[in-house]
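Below is one structure, written out as structure tokens; comments come after it.
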Amino acid sequence: MSLEINNLTVELCADKHKHKGNCINVADSLFLSVNEGEVVSIVGESGSGKSFLGLSILRLNPQGVSKIISGEIKIKCKSQDKEIDILRLKPEELIGIRGRLISMIFQDPNTSLNPVMKIGEQITEAILAHKKVSKKSAKDTAIQYLNSMNIDGFARFGSYPYELSGGMRQRVMIAMAMVLNPCFLIADEPTTALDVTTSLQVLKLIKEIKEKSNIGVIFITHDLTVARSISDRTYVFYAGQIMESGNTENIINEPAHPYTVSLIKSIPSLSADYVPKQKLFTIPGFLTKDDFKKGKCRFYSRCFKRDDECLKDIALRNFKDLEKGGNGGRDVRCVKVNGL
Amino acid sequence: MEENIILSVSGVSKHYKYYKTLFDIKKNVIKAVDGVSFDVFKNEIFAVVGETGCGKSTLSKLILGLTERTSGKIYFKGEPLDYKNKGKDFRKKIQILFQDPYSSLNPKKKIYKIISYPAVRNGIIKNKKKDRLDFAEEQLKIVGLPGAVALNYPHMLSGGQRQRVGIARCLSVRPELLILDEPVSALDVSVSAQILNLLLDLKDETGMSYIFITHDLKLVRHLADRVCVMYGGKIMEIAKTDDFFKAPAHPYSKTLLESMASLTFIRRSL
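So the sequences go chain by chain: A and B.
Each residue of the first sequence is one higher than the one before, counting from 154 in our numbering.
Each residue of the second sequence is one higher than the one before, counting from 1169 in our numbering.
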């Protein structure tokens, strides 16, 4: 059981006529893999193409302005006997994938639930669309899943989204995603809109679900501390490329890529030896369209280690020295890092 | 000590009354803020921490006079805070920076109009285009933006730039107390570091005080001099930042700190 993305390139254009100058590669020859029972997080700034990658996996990327140019997304599930390449499927076949094999939790539970439908109906709708079961048994399943998300299913089945708190709504979203027993879950910033205490509950819940049903989770976030608390492996994402990948603990303790180093430095920490009120490290400038251009390191314009050597295209290379055991190799996309 | 107090809140409450059903005879009461008292000193960062719905935002509304308080008194530099008293110009002296830079700027107005409006309203500058433009460019320089931004519309700016415009708007009337309502929670990590640095610099330059409303304890540790923990409309604990992080006294503070800690460095407790 695994999900594997090989050499995925997705193009996004500013207009529908696809003038050449207006197009960028929001995902640029990506390699990514998730195994069963594993949480993999994708970390990066807003605008770096993290959510777009999540949508592209389900082929939910906006048609007309974006196009998957090359690559393959292979998925193997325990309920399916053979490997499926999502990018080769016909649009009508995708219905069998979305929600059933891979489901997704979206960022904002306030806008992604239908405000005029009862939450119970929204969950049973998902069951009835995929399975030939009676309404009664669909309702029973929905209540059972709500209960497993620590929501009183009987009492809350007929509630409208506005009657629930933010954390509860997010748990309803998770229930809706899990109700068809998918083998992969894409969580697109599920805790960003929530409080510290409620986001901890949601993270715990996702971890519990992962352990109970042994699914693979792709966790998209911009917060390295959240990534650290939940994920086994991390991909650091910038301008449509993976800058660094490897074991989460290793990446946070010994970041190699200048971008990862800057990201970690710019977070105030809670550790005991931290000096408050010092100047925080900042990354100058911001992510622009030009950063997506080919031919040079994409982080070049904001990097503190840059020089002329960086003006050529850099491939993701295996990083030998720092990896101490753990699963999978450590990859870094930087010429300035020693030990490559 | 007395002279150093810039804002003194004593026993302030806000109770919302509502009918549960249409035919209810008795009104039900929600105590959004219930008997809250604290002092804010000059040139201090006073953090208010708590989860959603604990009354942080209602408290800031009460200080700004945006909702009327049920009971209690607020003093600004020893004088009772009354926004109807035109002579005292309290509106000028207390300003707020909002959480979401995407919805707090009027999308139909150019940046220079947004920034200079409070100054025009308070009679600092004349309502002429040239005056307003010059004033806005000056303000933009303080927050580290090029003057040319003044003629742009909000949608042309990034999130961090918009938040800087928000800060420039607050500073345009030279406030003495600034309420920061989750100023960086809608921003990226690297951008939020820029904004936090800017806020610290401005505090040192102008001698303002901040009331910093947040639910992120990392930021509290980084910025605040004193912390106030709120829960269910009541204050649970007020402590100096160092003491609070070393030994939180109230059980709720402990839970809050633990849930934060497991998100940062104690990985296995999740």
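Just so it is clear, CB atoms sit at the ideal spot from N, CA and C, and this is done for glycine as well.
Identify the residues that DSSP records as bridge partners of residue i: which are they?
| i | result |
| --- | --- |
| LEU156/A | VAL187/A and ILE228/A |
| HIS1183/B | LYS1199/B |
| ASN471/A | ASP484/A |
| ILE222/A | ILE222/A is not bridged to any residue. |
| ARG386/A | VAL193/A and ASN400/A |
| GLN1331/B | In DSSP, GLN1331/B forms no bridge with anything. |
| MET302/A | In DSSP, MET302/A forms no bridge with anything. |
| ILE1381/B | VAL1216/B and ASP1349/B |
| TYR1243/B | SER1176/B and PRO1248/B |
| CYS176/A | CYS166/A |
| MET1376/B | Paired residues: none, contrary to the question. |
| VAL1395/B | ALA1215/B and ALA1407/B |
| MET257/A | ILE339/A |
When DSSP labels each residue in this structure, what does residue i get in the three-state scheme?
| i | result |
| --- | --- |
| THR378/A | helix |
| ALA291/A | helix |
| MET1428/B | helix |
| ASP348/A | coil |
| PHE1433/B | Residue placement at PHE1433/B is flagged as unreliable, the pLDDT there being 46, under the threshold of 50; a coordinate-derived value is accordingly withheld. |
| GLU1306/B | helix |
| PRO411/A | helix |
| ILE395/A | strand |
| TYR453/A | helix |
| ARG1342/B | coil |
| VAL355/A | helix |
| CYS336/A | coil |
| ILE420/A | coil |
| PHE497/A | With chain A covering 154 to 493 only, the question about residue 497/A has no answer from this structure. |
| TYR1285/B | helix |
Give me the residue from the options with the minimum Cα distance to residue i.
| i | options | result |
| --- | --- | --- |
| HIS1441/B | THR1189/B, ASP1410/B, SER1427/B and ILE1403/B | An answer regarding residue 1441/B cannot be provided, because it is not within the stretch 1169 to 1438 covered by chain B. |
| GLN1263/B | LEU1348/B, LYS1422/B, LYS1386/B and LEU1368/B | LEU1348/B |
| THR294/A | ILE237/A, ILE222/A, ILE280/A and THR344/A | ILE280/A |
| CYS450/A | SER223/A, GLU462/A, HIS375/A and ILE177/A | GLU462/A |
| ASP443/A | SER398/A, ASN159/A, SER155/A and ASN178/A | ASN178/A |
| ASP1384/B | PHE452/A, VAL349/A and PRO335/A | VAL349/A |
| SER415/A | GLY438/A, LEU206/A and MET154/A | GLY438/A |
| PRO1269/B | GLU1344/B, GLN1329/B and TYR1399/B | GLN1329/B |
| ILE405/A | TYR427/A, VAL428/A and ARG381/A | ARG381/A |
| CYS1338/B | ALA1304/B, SER1326/B, LEU1325/B and ASN1253/B | ALA1304/B |
| ASN300/A | ILE327/A, LYS284/A and CYS456/A | ILE327/A |
| LEU347/A | LYS363/A, THR374/A and CYS336/A | THR374/A |
| LEU1391/B | THR1423/B, SER1358/B, ASN1253/B and ASN1211/B | ASN1211/B |
| ILE1173/B | GLY1240/B, LYS1386/B and MET1376/B | MET1376/B |
| SER182/A | ILE395/A, GLY249/A, GLU278/A and THR413/A | ILE395/A |
Does any C-beta atom of chain B lie closer than 9 angstroms to the C-beta of residue i?
| i | result |
| --- | --- |
| ASN480/A | Because the pLDDT of ASN480/A is 46, which lies under 50, any placement of that residue in the model is unreliable, and the question is left without a value. |
| LYS365/A | no |
| ILE420/A | yes |
| ASP168/A | no |
| LYS477/A | Any reading at LYS477/A must be qualified, since the residue scores a pLDDT of 48, below 50, and its modelled position is unreliable; the value itself is stated next. Not closer than 9 angstroms to any Cβ of chain B, the Cβ of LYS477/A fails to qualify, so no. |
| TYR427/A | yes |
| PHE434/A | yes |
| HIS375/A | yes |
| LEU416/A | yes |
| SER318/A | yes |
| LEU240/A | no |
| LEU353/A | yes |
| VAL163/A | no |
Any C-beta of chain A sitting closer than 9 angstroms to the C-beta of residue i?
| i | result |
| --- | --- |
| TYR1187/B | no |
| ARG1146/B | This structure does not reach residue 1146/B, given that chain B is present from 1169 up to 1438, and the question cannot be answered. |
| VAL1359/B | yes |
| SER1326/B | yes |
| ARG1389/B | yes |
| LYS1386/B | yes |
| PHE1433/B | No answer about PHE1433/B holds up, because its pLDDT of 46 lies below 50 and its placement is not dependable. |
| GLN1267/B | no |
| SER1427/B | yes |
| ASP1349/B | no |
| LEU1424/B | yes |
| ASP1411/B | no |
Hey, would you say the C-beta of residue i is under 8 angstroms away from at least one heavy atom of the ligand COA?
| i | result |
| --- | --- |
| GLU1247/B | This structure lacks the ligand COA; in fact it carries no ligand of any kind. |
- request: Mind checking the stretch 437 to 470 of chain A against chain B and listing, in chain order, the residues whose C-beta falls within less than 7 angstroms of any C-beta there?
  value: PHE439
message: Taking beta-carbon pairs under 7 angstroms, can you tell me which members of the stretch 1217 to 1241 of chain B lie near chain A?
response: GLU1219 and THR1220
message: What are the residues in the stretch 187 to 220 of chain A lying within 8 angstroms of chain B by C-beta distance?
response: GLU198 and SER199
Where the stretch 277 to 311 of chain A meets chain B: residues whose CB sits under 8 angstroms from a CB there: none
- request: Could you please tell me which residues of the stretch 1360 to 1383 of chain B, in chain order, have their CB closer than 7 angstroms to any CB of chain A?
  value: ALA1361, GLN1362, LEU1364, ASN1365, LEU1368 and HIS1383
- request: Compile a chain-ordered list of the residues in the stretch 1302 to 1325 of chain B whose CB is closer than 7 angstroms to at least one CB of chain A.
  value: none
Chain B contacts made by the stretch 251 to 267 of chain A, where a contact means CB separation under 9 angstroms: none
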